[in-house]
Each structure stands twice: as C-alpha cells, then as structure tokens.
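In terms of this note's numbering, the sequence shown opens at residue 437 and continues consecutively. Beta carbons are placed, not taken as given, at the ideal position from N, Cα and C, and that holds for glycine.
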Amino acid sequence: MQGKRVVVLTGAGVSAESGIRTFRDNGGLWEEHRIEDVATPQAWLADPSLVWHFYQRRRRQLQDVEPNPAHVALSQLQNGLDSMVLITQNVDNLHERGGSSDVIHMHGRLETLRCEATGRHEKRMNSTDFSDDFLLCTCCSTPSRVRPDIVWFGEIPMHMEAIYRAVDACEVFVVVGSSGHVYPAADLVDVARRHGARTVLVNAEPPLNLDSFDEVHLGKAGELLPGLVRQWLDSEG
Ligand code: NAD
C-alpha cells in the first residue's frame with residue numbers, strides 16, 4: 437500500500453475485542469436495548485432519561501476499556517503510509533488511544549456532548565460529567581441541556597463532505613469490523629470501487645455487502661490486522 441492513497445473505514449467489530457459490544461452480534465440489541473428505544477431522535481423526545489442513562493453508561497465504560505491490537509495496528513499503518521484517512525462509525529475513543537490521529541467520527545463521539553440550543557460540541561470527560569442527572573452546557577448565558585453527541589438513526593452523519601472527498605480519491609479502501617447494514621457507511625465501499633479503488637475487508641463474519649470486496653480476510657481484527665498491516669506496509673499494491 438506504500439505510495440497509495442488509502443482510506444480505512446472501521447465499525448463496531450474493531451472494538452469488540454476491547455469488550456465494547458457490537459449490536460449486530462447481539463440479535464439487533466445494543467446492550468439489551470432495542471436501537472429505536474435508545475438511538476433515535478424520537479427516543480430522546482419520548483424518554484430522554486432512558487437515552488441519557490444509556491449513553492452515560494457508554495461514556496463511563498470508556499474508562500474501563502483499552503485499545504486492542506487492531507487499533508494499534510491501524511495506527512501503525514497510518515504512521516507508516518504517506519496517505520491514510522481513518523474513518524470510523526464508532527463513537528468510542530479507542531482509535532485515538534491506540535495512537536491514531538485525525539480520526540473522522542462519522543456517527544459522533546461519546547467524549548463530547550452537544551448543546552441542544554446552539555449545537556456546539558464540547559469535550560466533557562471530567563468526573564463530574566458522568567452523572568445520571570442531565571448536564572448543562574457551558575456555551576449559553578442561561579445554560580441549556582446537552583444531549584449525547586451521537587448521530588442517531590434518522591440523522592445525517594457528520595463530516596460527509598470530507599468523507600466523500602477522501603473516498604472518491606482513494607486507491608485502496610479497507611473496511612474493518614462492519615456488518616454493512618448501516619447506511620451511508622455501508623455504501624462507501626461501492627463509491628470507492630466506482631472510482632477504481634481496490635477494496636479489502638477484515639471482518640469476523642461475511643457482511644451484507646461481501647460482494648463489494650476484492651480481497652476478504654475473515655477472522656478477528658485483533659488477530660489478523662497486526663500481520664496484515666506488516667504486509668501492507670511492505671507492499672506496493
Ligand atoms: P455492527 O454491530 O452492525 O456489526 C459489527 C460487525 O463486526 C459484524 O459484521 C461482526 O461480524 C464484526 N465483528 C465482530 N467482532 C469482530 C472482531 N473481533 N473482528 C472483526 N470483526 C468483528 O457494527 P457496524 O457495522 O459498525 O454498525 C453499527 C453501528 O453501531 C455503527 O453506526 C456504530 O456507530 C454503532 N456502534 C458503535 C460501537 C462503538 O463505538 N464501539 C459499538 C456498538 C455499536
């Protein structure tokens with residue numbers, strides 16, 4: 437991959453070996469909840485306490501988990517290549533803690549919270565920021581409630597301009613740990629393909645969009661990626 441423009445897209449599977457559960461592997465439930473009950477704008481309107489508690493638990497969990505060899509391998513790939521853009525569907529901070537920089541979080545981040553009045557994001561990871569009581573912003577003169585800084589189902593993903601710019605121009609497109617169910621992320625491999633990129637998959641199980649990949653590696657990302665990254669750093673293809 438040396439000398440090529442590379443884009444890597446990761447999904448929940450890359451963090452599975454760190455102990456953060458995916459939802460496709462749990463019968464469509466995310467930590468025992470139906471997605472529509474905790475990860476939609478309608479859920480926030482109908483039962484904001486349930487949604488807040490759910491995401492505060494996810495935010496507190498960040499303090500108990502560590503990056504795994506897949507996160508570390510991807511940061512080594514990024515550091516070893518001239519051009520690699522890392523896009524993640526994940527809302528955790530494990531890529532950054534594994535050594536990656538400039539990670540594009542298309543579905544938002546747990547580390548930040550968003551003012552409901554102004555839409556401003558702020559990093560809120562102090563011990564007082566993990567409370568089950570609603571929190572207030574620091575940007576309004578009369579502080580407003582903040583919401584999780586997450587792109588819920590039915591909302592538009594973040595940074596799409598930068599994402600399409602990178603995907604349109606890439607020569608190699610790698611997907612790690614994604615089931616191919618969630619759009620528009622699942623479609624990016626076909627965008628890359630239409631622009632002539634070689635497409636590579638590393639996933640535990642065949643995803644919905646398996647046919648879109650030129651090269652498929654089935655298995656755990658933490659076990660496969662360290663070896664693959666060593667090969668990719670040495671290869672020109
Ligand atoms: P998904 O849950 O739909 O699918 C996960 C995929 O990863 C599956 O295909 C599974 O076979 C594969 N997988 C599981 N363990 C793996 C491993 N050790 N190595 C490699 N692959 C493995 O995930 P998705 O496609 O990312 O879409 C789900 C949505 O859920 C995303 O939008 C994401 O924001 C959200 N989510 C995020 C997190 C997180 O931030 N860590 C966790 C759960 C869900």
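Requested in this report: Could you tell me if the beta carbon of Gly-449 falls within a distance shorter than 7 Å of some heavy atom in ligand 1?
Outcome: Residue 449 sits at position 13 when you count from the first residue of the sequence shown. Yes, the Cβ of Gly-449 comes within 7 Å of a heavy atom of ligand 1.
**Report entry** Rounded distance between the beta-carbons of Ala-628 and Gln-525, thought under 8 Å
**Finding:** Locating residue 525 in the sequence shown gives position 89, counting from the first residue. Locating residue 628 in the sequence shown gives position 192, counting from the first residue. Not really, about 15 Å apart at Cβ, beyond 8 Å.
Query raised in the report: Going along the chain, which unbroken runs of the alpha helix (DSSP H) with 4 or more residues stay wholly within the segment 496 to 560?
Result: 505 to 516 and 530 to 533
Query raised in the report: From Lys-656, Val-636 and Arg-630, pick the residue whose C-alpha is nearest to that of Pro-505; which is it?
Result: Locating residue 505 in the sequence shown gives position 69, where the first residue counts as 1. The shortest C-alpha separation from Pro-505 is found at Lys-656.
Query raised in the report: Going by C-alpha distance, which of Arg-496, Asp-473, Thr-458 and Ile-523 is nearest Pro-593?
Result: Position 157 of the sequence shown, counting from 1, holds the residue named residue 593. Considering only alpha carbons, the answer is Ile-523.
Report task. Just the C-alpha distance for Leu-510 and Ser-671, rounded to the nearest angstrom, thanks. Result -> Position 74 of the sequence shown, counted from the first residue, corresponds to residue 510. Position 235 of the sequence shown, counted from the first residue, corresponds to residue 671. Between Leu-510 and Ser-671, the C-alpha separation is close to 16 Å.
Query - Any non-hydrogen atom of ligand 1 within 7 Å of Glu-502 CB - result: Here residue 502 is taken as the residue at index 66 of the sequence shown, counted from 1. No, ligand 1 has no heavy atom inside 7 Å of this Cβ.
Query - Euclidean distance between Cα positions of Leu-481 and Ile-456 - result: Here residue 481 refers to the residue found at position 45 when the sequence shown is read from its first residue. Here residue 456 refers to the residue found at position 20 when the sequence shown is read from its first residue. Each residue's alpha carbon lies about 26 Å from the other.
Requested in this report: Leaving out five residues on either side along the sequence, give the residues of the same chain with a beta carbon under 6 Å from the beta carbon of Val-508.
Outcome: Sequence index remark: in the sequence shown, residue 508 carries index 72 (1-based). For Val-508, where only same-chain residues beyond five positions count, the Cβ hits under 6 Å are Gly-534.
Query raised in the report: Counting pairs of beta carbons, one from the segment 566 to 583 and one from the segment 599 to 606, are three or more of them closer than 8 Å?
Result: no
**Report entry** Spatial neighbours of Arg-581 in its chain, beta-carbon cut-off 6 Å, leaving aside the 5 residues before and after
**Finding:** Counting from one through the sequence shown, the residue named residue 581 turns up at place 145. Excluding residues within five positions, the ones whose Cβ falls inside 6 Å are Glu-552 and Phe-570.
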